[in-house]
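Notes follow once the structure below has been shown.
There are 4 protein chains.
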Amino acid sequence: MTDNVRLAVAGVGNNTSALAQGINLYRRTGSRVGLNRPLIDGIGVGDVDFVAAFAVSDAKVGRDLHEAILIPPNNYPRLDGELPPAGVTVRRGLTDATGIDAVAAAVKDAEVLLYSAPSGHPGIARAYAEAALRAGVAFINSTADPVARDPELLARFEAAGLPLLGDDLASQFGTSALHPALLRLLADRGLTLVSSYQVNLGGTEDFRNLVERPETKKRSKLNALGADDRVQVAPLGYLSQLGSRKVAHINIEARGWAGSTVSVDLKLEADDPAGGAGVNIDLIRFAAGALRSGRGGFLPEAVTLLKSPPGTAT
Amino acid sequence: MTDNVRLAVAGVGNNTSALAQGINLYRRTGSRVGLNRPLIDGIGVGDVDFVAAFAVSDAKVGRDLHEAILIPPNNYPRLDGELPPAGVTVRRGLTDATGIDAVAAAVKDAEVLLYSAPSGHPGIARAYAEAALRAGVAFINSTADPVARDPELLARFEAAGLPLLGDDLASQFGTSALHPALLRLLADRGLTLVSSYQVNLGGTEDFRNLVERPETKKRSKLNALGADDRVQVAPLGYLSQLGSRKVAHINIEARGWAGSTVSVDLKLEADDPAGGAGVNIDLIRFAAGALRSGRGGFLPEAVTLLKSPPGTAT
Amino acid sequence: MTDNVRLAVAGVGNNTSALAQGINLYRRTGSRVGLNRPLIDGIGVGDVDFVAAFAVSDAKVGRDLHEAILIPPNNYPRLDGELPPAGVTVRRGLTDATGIDAVAAAVKDAEVLLYSAPSGHPGIARAYAEAALRAGVAFINSTADPVARDPELLARFEAAGLPLLGDDLASQFGTSALHPALLRLLADRGLTLVSSYQVNLGGTEDFRNLVERPETKKRSKLNALGADDRVQVAPLGYLSQLGSRKVAHINIEARGWAGSTVSVDLKLEADDPAGGAGVNIDLIRFAAGALRSGRGGFLPEAVTLLKSPPGTAT
Amino acid sequence: MTDNVRLAVAGVGNNTSALAQGINLYRRTGSRVGLNRPLIDGIGVGDVDFVAAFAVSDAKVGRDLHEAILIPPNNYPRLDGELPPAGVTVRRGLTDATGIDAVAAAVKDAEVLLYSAPSGHPGIARAYAEAALRAGVAFINSTADPVARDPELLARFEAAGLPLLGDDLASQFGTSALHPALLRLLADRGLTLVSSYQVNLGGTEDFRNLVERPETKKRSKLNALGADDRVQVAPLGYLSQLGSRKVAHINIEARGWAGSTVSVDLKLEADDPAGGAGVNIDLIRFAAGALRSGRGGFLPEAVTLLKSPPGTAT
């Protein structure tokens, strides 16, 4: 029998809520609905224990993690069923590069540190990565800030035998998976792309933050789409009424045999934090499995789960 | 330099119009827009010559092929540019199993006989296949009637060293390519399918015929989708206003992490005859190439171009 | 205070389920959500009592109405909350024109007889109308079979001072309300219609029946759309996975200033039986109010609730 | 026979291109396709002559109007057919409030001055309005900047007997017409609105400007939608690939009978400048007709053509 993964998380937003509640739900029900990989290196989705958590909001610091995840602006719904205390008290997280040693001390018993905060704070992201290095813990950067794409940082994780996964989650089933797949299918069938766009709408606080810091995220989205200037990404649109749901519209215009026009219009609606958690759970287990077997650096098996893996533009 | 393929066609409907006009267009312009495989065994899309054609409509029989393809109820548009006479006069086609020898005689100089008539006449389809066998010509069945799926017929083509491709074209970019691809992607990302449907609307005479003979075609569509009773195909809808365009709506409902709902709604609009011709041009060249190198029977390289290849339900 | 309406219903399908459960729900909760007219002639939506019910299914006959409405093939969901017995036992309904007097006797204490059975049985529809005449009860025909459009029948109801409402419900918010409204808006803004279609998908038993008897229903839908041959209705598509939901796709192509193209694509998803019940509740109260004040024949205030009112094609 | 309207235009962007080319097209062909009002006060859509034009781009100033309208960043297409010189040379327009007298002198022979420049320059808009007052010319403000909504300015136009129309065009068939109409229909049928949003995508230079100055335009859009905080407008999305086309997605979630859910998803695609010109042509003729009959101030007949008429929020 495999030991549970010991997980530390920096950021107690919607994604952490979906992750923690989902782990609890799967553990309790034994359901396999919506799971990409029921087992990774023998580790099930319920075999993850939180051992530390960090947040910067006064409302969350000092609370049990399972209480903190339900505090606004978090708006991921409380799932049905029991949610016992997590037994982990949320600590005050970093707001600058001071305090790295304290974080390292707090996560020294963890195997994996998941950085799951709003994008747009590359200094903070690197500070947590530094803490992971000092503590000898694997690191996952789920934000669009460049960490795994930083060759120097990646080299240090490799040298230390610590896994480093990032950057930027490709949601379990979002435009980053769907849009390129459609474009590839089109090409496979011999159609010539004329133009294509995607527009993303969401209602979480993360989404609102991204709207105000568009460049980091847009770059990362374009990384996921490949370099084709016929494919455009419209600015993100924040709509509070969507709550934790996100909506994407994708359009593709192409030409087939004898120049005939082909049009595809697609609407995708999904839960944003759940889409993130469904990928984080795999990254966490990839990272723990690799750590346990002594593999450090980036893990190729995770590449389809990330928008901006090492080697893509920053 | 490769010799041009010598092609006979049974059926002078929209698909033949799109095929003949497209070949002429590509030959004249050198364009590669919308082409899946510019070359197959060294054969370009313009390297195909019509050597015989059959139709049952009085209006078409006796006319030059390039005139006949524009006669109603054909409603595929006349493409811009020159369309010189094809130099092939449309012969009277089969309406029952008599006259097979006459067809065989008429196609004896061809390499490939393409059967491109309305679905729902399996006896006629087999009669043309029989003629191909007698004439020593490769055969393509682009209809949903079982020909290549008939193990005995397939064995005879194999024994004769003649390629036999069928059944039922998967359009260049239609629901038969797109819907399964979306379902596969969903499964690859770990989502659990709840339900999915497609509805197809079209305005060609072929489409009208299919609406009145729904079973053959629906069976074939389900073959393309795989056996999953959560996936349903609504009856075809004929709408004359669509002309040679077809419209499909696909819906997918699924569940992801922690049971969260994911919905996809997609509209696809494409030209129906062009989508058929874009696949026929590859089947023709696969068949001619194989014939020239002595390979008979079904050709695995064609499997993604067909809805109901050998081995699927009839 | 107004007396409750005494309602008899012929047909114990999904629409009757949605009507009975909804009346009970509104009565219990006092909610006004989703109500077009909270009061009609002083009658609230909860002020309706069932006094008789007829069905032809062995499974339903002899059961309390509130049990019978949940028996398959009915698939309208059981709404949350209490559903006490209705106190009305379902009687055996008509399958031909014999037994009219027995029905008349059974509904003699009712004020309104609502005919809510599958379309496509005009003889049965008229037999119930005849029973209503004999019993001195207002009649509502919610099917597409011609009853209120029959000038002779209408004259007899007028002469008897009995309201007669029909034919064919325009759902509370379905294509019959939405499609013409969009076309009118288009015309109001000066656009020139090029073409338009609607396609309707559903999963109820009623829907399956309509698919097999398309003409009655299609005629009625075209009545709702007005006579414009640029507007087409695709055949109904039955998809069991939709359950009691229906989905419609509407497309409009038009031209504006200087011939510029304008396209509208719309998807509507709604509950089919609830959409029917939301209109039936108003027809019932219009009929009861008119009966009480001695107004017979067709009631103009109901015209927007019906697809094929008197004067439209049969 | 009515005299042609003498029109001056400030702004030589896409809308002016669509207006000028459309007037020429209708005049030449006699077509009535896409026209809301073929005649207003006896004035046809071809009965408008340009007598002055102002622009600020060096590339446009000094050119004949019919050349200037085709100069980038204008991307409204050149319509088929002849486009003879307009006979009007584009003058240098205002960039601040100096030069009002020169504009007044230049437009003194005009009947109507149409202000058709990018939104977001209220000072310039007022300067042109001032010039119109001095010259005794009717004024139309097609931008979102407050002019007709300014009570003091409106009073001065009224006192002078000069029509003043504005602010902000409601496109001939855009979200400002369509979205409120759908919401009204929903309410008319008794549905309870839960939430609704619209997102607008476009590819013109005007659109790009609006994206960078979102507040003025968003306020005006919300004016068109009425004050309902369940209805939200996502930020505008600029996508160069759309050229002069715009795309809008509208979603509506509502509840009907017994709380059943109803969803509407709509995609609208239209030409942006043509949608503006189709409204400008009516505003111009309303203004000219009123001026000729001595009616000044705002004209109620124009209210449905404007997003932010007098009395709405600034």
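Chains as they are written, first to last, in the working numbering: chain S, 1 to 314; chain D, 315 to 628; chain F, 629 to 942; chain W, 943 to 1256.
Using N, Cα and C, we set each Cβ at its ideal position, and we do this for glycine too.
Just so we're clear, the structure is a prediction, and the values are computed from it rather than from any experiment.
Query	Result
In chain D, which residues lie with their C-beta within 8 Å of the C-beta of Phe286 of chain S?	Here the premise fails: no neighbours, minimum Cβ distance about 14 Å.
Residue range of the alpha helix (DSSP H) that Ser577 of chain D falls in?	Per DSSP, Ser577 of chain D belongs to no alpha helix (DSSP H); it is in the beta strand (DSSP E), Thr575 to Asp585.
Residues of chain W with CB under 8 Å from Gly237 of chain S, in chain order?	Val1141, Ala1176, Pro1177 and Gly1179
Residues in the segment 1179-1208 of chain W with C-beta within 9 Å of chain S's C-beta atoms, listed in sequence order?	Gly1179, Tyr1180, Leu1181, Ser1182, Gln1183, Leu1184, Val1189, His1191, Asn1193, Glu1195 and Asp1207
Within 9 Å (strictly less), CB to CB, does Asn702 of chain F reach chain W?	no
Here's a check: name, in chain order, each residue in its chain whose Cβ is nearer than 8 Å to the Cβ of Leu191 of chain S, leaving out the five neighbours to either side.	Ala254, Arg255, Gly256 and Val262
For the candidate residues S:Leu94, S:His249 and S:Val303, whose alpha-carbon lies nearest to that of Val199 of chain S?	S:His249
Among W:Asn1193, W:Gln963, W:Thr971 and W:Glu1243, which one has its Cα closest to the Cα of Lys1209 of chain W?	W:Asn1193
Can you have a look at Thr971 of chain W and say buried or exposed, based on whether 16 or more other CB atoms are within 10 angstroms of its CB?	exposed
Using 9 Å as the limit for Cβ to Cβ distance, is Arg292 of chain S near chain W?	no
Could you give the residue range of the alpha helix (DSSP H) that holds Leu447 of chain D?	Pro436 to Ala449
Which residues, in chain order, does the segment 348-359 of chain D contribute to contact with chain S at a C-beta distance below 8 Å?	Gly348, Leu349, Asn350 and Arg351
Please report the straight-line C-alpha distance between Ile699 of chain F and Ala687 of chain F, rounded to a whole angstrom.	7 Å
Using only the alpha-carbon positions, how far apart do Leu1095 of chain W and Ser1113 of chain W sit?	24 Å
Compare the C-alpha of Gly557 of chain D against each of D:Ile438, D:Asn594, D:Gly517 and D:Val417 and name the closest.	D:Gly517
Label Pro1027 of chain W either buried or exposed according to how many other C-beta atoms from any shown protein chain fall within 10 Å of its C-beta, with 16 as the threshold for buried.	exposed
Taking the continuous alpha helix (DSSP H) assigned at Asp315 of chain S, which residues delimit it?	Here chain S covers residues 1 to 314 and nothing more, so residue 315 of chain S does not appear.
Rounded to the nearest angstrom, what separates Ala636 of chain F and Leu553 of chain D at their Cα positions?	40 Å
Chain F partners of Ser509 of chain D, CB-CB under 8 Å?	Gln869
Are any of the Cβ atoms in chain D nearer than 9 Å to that of Val633 of chain F?	no
By the 7 Å beta-carbon criterion, what residues does the segment 785-802 of chain F contribute toward chain W?	Gln800 and Phe801
For a contact meaning CB atoms closer than 7 Å, what does Thr820 of chain F contact in chain W?	Val975 and Gly976
My assumption, with CB atoms under 8 Å, is that Gly276 of chain S sits in contact with Leu169 of chain S. Please give the rounded CB distance.	5 Å
Contact check, Ser1162 of chain W vs Lys1050 of chain W under 8 Å by CB: the rounded distance?	31 Å between Cβ atoms; not a contact.
Quick one: is Leu353 of chain D buried, meaning 16 or more other Cβ sit within 10 Å of its Cβ, or exposed?	exposed
Using only CA atoms, which one of F:Tyr743, F:Ala886, F:Pro791 and F:Ala755 lies nearest to Gly764 of chain F?	F:Pro791
Which word fits Arg1126 of chain W, buried or exposed, when buried means at least 16 other C-beta atoms lie within 10 angstroms of its C-beta?	exposed
Using DSSP with H/G/I as helix, E/B as strand and the rest coil, what is Ile425 of chain D?	It should be pointed out that residue 425 of chain D corresponds to Glu in this sequence rather than to Ile. Note: Glu425 of chain D maps to coil in three-state DSSP.
So, does the CB of Arg230 of chain S fall closer than 9 Å to a CB anywhere in chain W?	yes
Measuring alpha carbon to alpha carbon, tell me which of F:Arg920, F:Glu695, F:Tyr654 and F:Ala759 ends up nearest Gly721 of chain F.	F:Ala759
By the criterion of Cβ-Cβ separation under 8 Å, what are the contact partners of Ala714 of chain F in chain W?	Correct list: empty, because the minimum Cβ distance to chain W is about 16 Å.
By a C-beta neighbour count over all protein chains shown, 10 Å radius and 16 as the cutoff for buried, is Val426 of chain D buried or exposed?	buried
What number of angstroms, rounded off, separates the C-alpha of Val48 of chain S from the C-alpha of Arg32 of chain S?	16 Å
Excluding the five sequence neighbours on either side, which residues of its own chain have a C-beta within less than 6 Å of the C-beta of Pro746 of chain F, listed in chain order?	Asp834 and Asn837
If you follow the alpha helix (DSSP H) that Phe157 of chain S is part of, which residue opens it and which one closes it?	Pro151 to Ala160
Count the CB pairs spanning the segment 910-923 of chain F and the segment 1014-1026 of chain W that are closer than 8 Å, and state whether there are at least three.	no
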